[in-house]
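If you're matching them up, the sequences are chains D and C in order. Numbered continuously in the numbering used here, the first sequence closes out at residue 270. Numbered continuously in the numbering used here, the second sequence closes out at residue 506. Glycine is no exception: its CB is placed at the ideal position from the N, C-alpha and C atoms.
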Amino acid sequence: MWLVGCLAEGLVLIAILVAVTLAWDWPSTRWWLVGAAAVLVLAYAAIVPRWRYLVHRWEVSDTAVYTQTGWWARERRIAPMSRIQTVDYAEGALSRLFGLATVTVTTASAAGALRIEGLDRALAQQLVDDLTLKADAVEGDAT
Amino acid sequence: MSDATAHELVRDVEWQRLDPRMLLVHPVREVGRFLPVLIGLFVAGSASGGGGAWQYLGVLVPITLGVFRYYTTRFRIAQGRVELRRGLLNRHVLSTPLDRVRTVDVTSSLIHRLLGLATVRIGTGTASTDSDERLDLDGLPADRARGLRAELLHVAPAADAAEAAEGAVDGTGERVVLRFDPGWARFAPLTSSGAVIAAGLFGGGAQLLNELGAFPHLDTRDWSLGIPVWVGVLIAAGGLVVGVAVLSVTGYLLTNWDFRLSHTPGSWHLSRGLLTTRETSIDDERLAGVSLGEPLSLRWAGAARLSAIVTGLGSGASSSVLAPPAPRDVVTGVAGRVLDTASPTEAGLVGHGPAAARRRYSRAVAPALTVLVVAVAVVVAAGWSWWLLAVPAALAIAAVAVAADRVRSLGHALTDGYVVARSGSLNRRREALEVNHVIGWTFRSTWFQRRAGLTTLVATTAGGRQSVTVLDVPEARAVELARLALPELTGNFERRD
């Protein structure tokens, strides 16, 4: 999914570059710029999604949710079960093609949302149910 | 909510309008809001000549809007909820459960005070910043506003209702922690607010002049007053400094006059303001910690300021200010009283070691050095005077000094149940967050940081700036800190390391 997403973004970028080049009526020597951009995009698409896949982890225990995301800047987040406020389930256009979904767990802090991307749809739905039940079982208003 | 003595709440069960005196306030305020447009209309009208009556009709529009605003706004407090209904074309109904009320602000601007009114702003934990989503009861009689506040806060279950009621009724439970001293205004020019006010005035003035078409008439040739240019520049700069100082002192006095921080059992009370008075109550339970701001300029003067990290109040909310810029020992004293322990603001901090120090230097110096190198290249290439390099060179030296200060500032601690973190130089901040208000941890590390064995630990919370950041702490120490703070949470993390 990330691979395709990357390629799509890269294609858009290249298309914009081409359009700009045409629109500004540059001499044809500027095409090497577009070529360089294409190479960069391909390299990015080849390396980053795989790197991302290697880094990304998630885990749900009885007391907390853990995630690890990122590639260059790596982020690990912990949210205690007792502080969970909402559990979001989302399927983007792209992820639906692959039968995947994203689960977002938010706490009362604007800085603390946990995103678990690219989960299998059935697993994601089960995770949502599971989290909702567990979060519901804890007393208090989660702040 | 079964409380029979809560007569304020019982009385407000039916939908009702705000105080009729708001009929005077709204139109005036709408006219103020439309003032630039009105002036524009007026100028355009005079310029095109004739059509005098139309210009005065323009004033009627905002007045009508103001009257409508009054008649379309109603509120009620019923069935355990506060509900506010407003809007003429877009009807807007806001509703919130009483037990989610976290703060209640009572504000009265000058015009409100003349009429004996006040605005009650009910703060819930919402992260929404849209002004339409705020629960403002704009325009209640002042004493009724205070009564409403007392009732709302007692109903919130977080406060010990009986104890709080007792404190409010006989007033004996109140102890004053901080009282304003006009001498503190000397710190005002050292804060950035003066510059902001000056910039705002300057911008507004320029725009107004522009609107009136004044700029084309300005002719630089008229400016020769028989003095050298550099004297003129010096005078202008001196005037600007004095002007900013005067403005910032005035601003400081206007907002902080009669600043008073007091505590009654169950909550903290703040009141301040010369023209616009503002009273805020913060529930004890919602007070998650404090943030001690020590910008470089204030530190030189031996001053600091203090704000509270309050659940449900964003950092932008000026109602969380616990102490205006004031002498440092006064401010730390207040922090000690507020937190019931002095150690979060007084205790020594654990440094983050040589790797973090190197990172501070490299991050500060690298951009300045890049600028310097580019500048040298440009000067050599273009054959300009070497004196032009003085600015980038000074920048590089300043960067080193700032980095050294950042290294000194960096530190963290875990004392008395508070996570304490300090970082920054020009805008140094020391934040103390109570452990049981930490609602999650984030460990963030870039590739560079991982190579240096460092990580940035972020404790997220529901108030203030939403998080407290422990910058560039050694990785093992970060995990240990998180584990010590909340033992039951981080077990899995250690296993994974």
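Distance, Cα to Cα, residue i vs residue j?
| i | j | result |
| --- | --- | --- |
| A163 of chain D | A173 of chain D | 15 Å |
| E294 of chain C | T112 of chain C | 11 Å |
| S118 of chain C | T289 of chain C | 15 Å |
| R269 of chain C | P376 of chain C | 44 Å |
| A373 of chain C | V382 of chain C | 15 Å |
| G125 of chain C | P36 of chain C | 17 Å |
| V102 of chain C | R95 of chain C | 7 Å |
| V185 of chain C | L33 of chain C | 36 Å |
| P176 of chain D | W199 of chain D | 11 Å |
| P334 of chain C | A235 of chain D | 30 Å |
| A5 of chain C | V240 of chain C | Because residue 5 of chain C is not part of the residues shown, which for chain C are 10 to 506, the question remains open. |
| V250 of chain C | T213 of chain D | 51 Å |
| R201 of chain D | L199 of chain C | 38 Å |
| R223 of chain D | L98 of chain C | 39 Å |
| R78 of chain C | F452 of chain C | 49 Å |
| V76 of chain C | L146 of chain C | 16 Å |
| W159 of chain D | A165 of chain D | 10 Å |
| G49 of chain C | T73 of chain C | 20 Å |
| D267 of chain C | S280 of chain C | 7 Å |
| N265 of chain C | L258 of chain D | 47 Å |
| A174 of chain C | D152 of chain C | Because the pLDDT of A174 of chain C is 41, which lies under 50, any placement of that residue in the model is unreliable, and the number read from its coordinates should be weighed accordingly. Approximately 17 Å between the Cα atoms of the pair. |
| V477 of chain C | W456 of chain C | 22 Å |
| L181 of chain D | S276 of chain C | 49 Å |
| R100 of chain C | R437 of chain C | 45 Å |
| R308 of chain C | F196 of chain C | 10 Å |
| G362 of chain C | L187 of chain C | 37 Å |
| L162 of chain C | A220 of chain D | 46 Å |
| L283 of chain C | A154 of chain C | 19 Å |
How would you call residue i, buried or exposed, if buried means at least 16 neighbouring beta carbons within 10 angstroms?
| i | result |
| --- | --- |
| H421 of chain C | buried |
| S104 of chain C | exposed |
| A313 of chain C | buried |
| T128 of chain C | buried |
| L144 of chain C | buried |
| D299 of chain C | Residue identity check: residue 299 of chain C is Val in the sequence provided, not Asp. Buried, by the Cβ-count rule. |
| M10 of chain C | Bear in mind that the predicted position of M10 of chain C carries a pLDDT of just 38, short of 50, making it too unreliable to give a figure here. |
| F189 of chain C | buried |
| A245 of chain C | exposed |
| Q458 of chain C | buried |
| A171 of chain C | At A171 of chain C the pLDDT is 39, less than 50, meaning the model places this residue with poor confidence and gives no usable figure here. |
| L107 of chain C | buried |
| G311 of chain C | exposed |
Hey, residue i and residue j: beta-carbon distance below 7 Å or not?
| i | j | result |
| --- | --- | --- |
| L315 of chain C | L305 of chain C | no |
| T465 of chain C | I448 of chain C | no |
| Q475 of chain C | A206 of chain D | no |
| F51 of chain C | P71 of chain C | no |
| Y427 of chain C | A407 of chain C | no |
| S418 of chain C | S434 of chain C | yes |
| T273 of chain C | E160 of chain C | no |
| V444 of chain C | A494 of chain C | yes |
| L179 of chain D | T194 of chain D | One point to set straight first is that residue 179 of chain D is Arg, not Leu, in the sequence displayed. Cβ distance not < 7 Å, so R179 of chain D and T194 of chain D don't count as in contact. |
| I318 of chain C | A297 of chain C | yes |
| V416 of chain C | A366 of chain C | yes |
| D114 of chain C | R130 of chain C | yes |
| A412 of chain C | Y370 of chain C | yes |
| A430 of chain C | V359 of chain C | no |
| L301 of chain C | T354 of chain C | yes |
| L490 of chain C | A364 of chain C | no |
| A356 of chain C | T424 of chain C | yes |
| L398 of chain C | A386 of chain C | no |
Just to confirm, does residue i get its C-beta within under 6 Å of one of the non-hydrogen atoms of the ligand ADP?
| i | result |
| --- | --- |
| L69 of chain C | Ligands displayed in this structure: none; no statement on the ligand ADP is therefore possible. |
Q) Below 8 Å, can you find three or more Cβ-Cβ pairs linking the segment 216 to 233 of chain D to the segment 483 to 492 of chain C? A) no
Q | Three-pair Cβ contact test at 8 Å for the segment 24 to 34 of chain C versus the segment 236 to 246 of chain D | A | no
Q) In the segment 86 to 145 of chain C, which residue ranges form an unbroken alpha helix (DSSP H) of at least 4 residues, counting only runs that do not cross its ends? A) 119 to 124
(Q) Restricting to runs no shorter than 4 residues, where is the alpha helix (DSSP H) found entirely within the segment 465 to 495 of chain C? (A) 484 to 494
Q) Can you list the beta strand (DSSP E) stretches of 3 or more residues lying completely in the segment 237 to 268 of chain D, in chain order? A) 241 to 247
Q: Could you name each continuous alpha helix (DSSP H) segment of 4 residues or more that falls completely within the segment 245 to 309 of chain C, going from the start of the chain to the end?
A: 305 to 309
**Q.** Stretch-stretch touch, CB-based, cutoff 8 Å, three pairs: the segment 390 to 406 of chain C with the segment 335 to 353 of chain C
**A.** no
Q | Length at least 3, wholly inside the segment 371 to 444 of chain C: the beta strand (DSSP E) runs in chain order | A | 420 to 424, 427 to 432, 436 to 443
Q) Along the segment 245 to 258 of chain D, what residues have a CB closer than 7 Å to any CB found in chain E? A) Note that chain E does not occur in the displayed structure, where the protein chains are D and C.
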